[in-house]
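Trainee: The sequence shown begins at 6 in my numbering and counts up one residue at a time. Below is one structure. I have some questions about it.
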Amino acid sequence: MEAASSLSLSLSLSTAPFSLLPVSSRRKLTLPLQPKPRFHHSPLCWAAASSSVPIATRESEIELEIEKFELLRAVTDTQRGLTATPDQRSSIEEALVTVESFDAGKPIDLGLLDGTWRLQYTSASDVLILLQSAATLPFFEIDQIFQKFECGDQSRQGVVHNVVRWSIPRLLEEQEGATLLVSAKFSVVSIRNIYLEFEEIAIQNINISEELQALLAPAILPRSFLSLQILQFIKSFKAQVPVSSSR
Numbered sequence: 006m007e008a009a010s011s012l013s014l015s016l017s018l019s020t021a022p023f024s025l026l027p028v029s030s031r032r033k034l035t036l037p038l039q040p041k042p043r044f045h046h047s048p049l050c051w052a053a054a055s056s057s058v059p060i061a062t063r064e065s066e067i068e069l070e071i072e073k074f075e076l077l078r079a080v081t082d083t084q085r086g087l088t089a090t091p092d093q094r095s096s097i098e099e100a101l102v103t104v105e106s107f108d109a110g111k112p113i114d115l116g117l118l119d120g121t122w123r124l125q126y127t128s129a130s131d132v133l134i135l136l137q138s139a140a141t142l143p144f145f146e147i148d149q150i151f152q153k154f155e156c157g158d159q160s161r162q163g164v165v166h167n168v169v170r171w172s173i174p175r176l177l178e179e180q181e182g183a184t185l186l187v188s189a190k191f192s193v194v195s196i197r198n199i200y201l202e203f204e205e206i207a208i209q210n211i212n213i214s215e216e217l218q219a220l221l222a223p224a225i226l227p228r229s230f231l232s233l234q235i236l237q238f239i240k241s242f243k244a245q246v247p248v249s250s251s252r
């Protein structure tokens, strides 16, 4: 995700918004999880579709869904890009180019971008550093990474939140231990790129483990007022750091 103030993933804006944490290089890829396309061969459904959708359009849509699935399959077993080999990265790049070709030249549709996207794969070095740290350090875990776009009814701008859920074993709950949140404003500058203005980095939603709770406020009475205050402070703690970098 380059500097601490710009936690990000690459934004590849093509046929559908495939990315989760933003930058504007299409050569760095982030993908959301999508199910394998299912095609139903019911004569009634086929007839209904044939009467309202041109055959060429329908075939193109089916082909696009197949290529999306192939792209998602290509990133499988790469641990979100961390263990991807050069051959795998090459295959993923080829699959990406194929998907992008379906809507080449079309402007960014913020209506499709709006929502929360989960990281499936990235080649962004700053994100891979996080994943590598979690893989090698016994006291640091990275769970899900998301990117939440809030576009509303805007056509040229919005807000994006980069969300990293992390934990420290035995001190914080697994998977939902704490949240790193990087917020930024964005605006569309071309059919392929967005401009980011980072505003804030925050650590919040701290959920301490049962072991630590028992240590701070044991179930056996009496519980001290101080231990309860410490417990409440940790649960409600939120650290915020304003940033002013742009990309």
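For every residue, glycine included, the Cβ atom is placed at its ideal position computed from N, Cα and C. Everything numeric in this text was worked out from a predicted model, so none of it was measured.
From this set, S214, E75, R94, F74, which residue's C-alpha is nearest T83's C-alpha?
Mentor: With distances taken between Cα atoms, T83 lies closest to R94.
Trainee: Decide if the region 103-111 is in contact with the region 146-155; the criterion is three or more beta carbon pairs, one per stretch, under 8 Å apart.
Mentor: No contact exists between the region 103-111 and the region 146-155.
Trainee: Tell me the rounded alpha-carbon separation between E178 and A219.
Mentor: Taking the straight line joining both Cα atoms gives about 13 Å.
Trainee: Tell me, to the nearest whole angstrom, how far the beta carbon of Q164 is from that of T184; I am working on the premise that it is less than 8 Å.
Mentor: It should be pointed out that residue 164 corresponds to Val in this sequence rather than to Gln. Not quite, the Cβ-Cβ distance comes to about 17 Å (not below 8 Å), so this is no contact.
Trainee: Could you please give the first and the last residue of the uninterrupted alpha helix (DSSP H) stretch that includes L176?
Mentor: Counting along the chain, L176 falls outside any alpha helix (DSSP H), and DSSP gives it neither H nor E.
Trainee: Where Q162 and E205 are concerned, what is the direct C-alpha to C-alpha distance, given to the nearest angstrom?
Mentor: The straight-line gap from Cα to Cα measures roughly 18 Å.
Trainee: Name the DSSP beta bridge partners of I199, please?
Mentor: Answer is V193.
Trainee: Any idea if Q245 is buried or exposed, counting beta-carbon neighbours within 10 angstroms, 16 or more meaning buried?
Mentor: It is exposed - the Cβ of Q245 has fewer than 16 other Cβ atoms within 10 Å.
Trainee: Around the Cβ of T81, are there at least 16 other Cβ atoms within 10 angstroms (buried) or fewer (exposed)?
Mentor: Flag for T81 reads exposed.
Trainee: Below 8 Å on the Cβ atoms is my contact criterion, and I expect L186 with I213 to pass it. Report the Cβ-Cβ distance as a whole number of Å.
Mentor: At roughly 18 Å, the Cβ-Cβ gap does not stay under 8 Å, so L186 and I213 are not in contact.
Trainee: Can the beta-carbon of I97 be found less than 9 Å from the beta-carbon of L115?
Mentor: Their beta carbons are not under 9 Å apart, which means I97 does not touch L115 by this criterion.
Trainee: What span of residues does the alpha helix (DSSP H) with F74 cover, start to end?
Mentor: Its alpha helix (DSSP H) spans residues 60-79.
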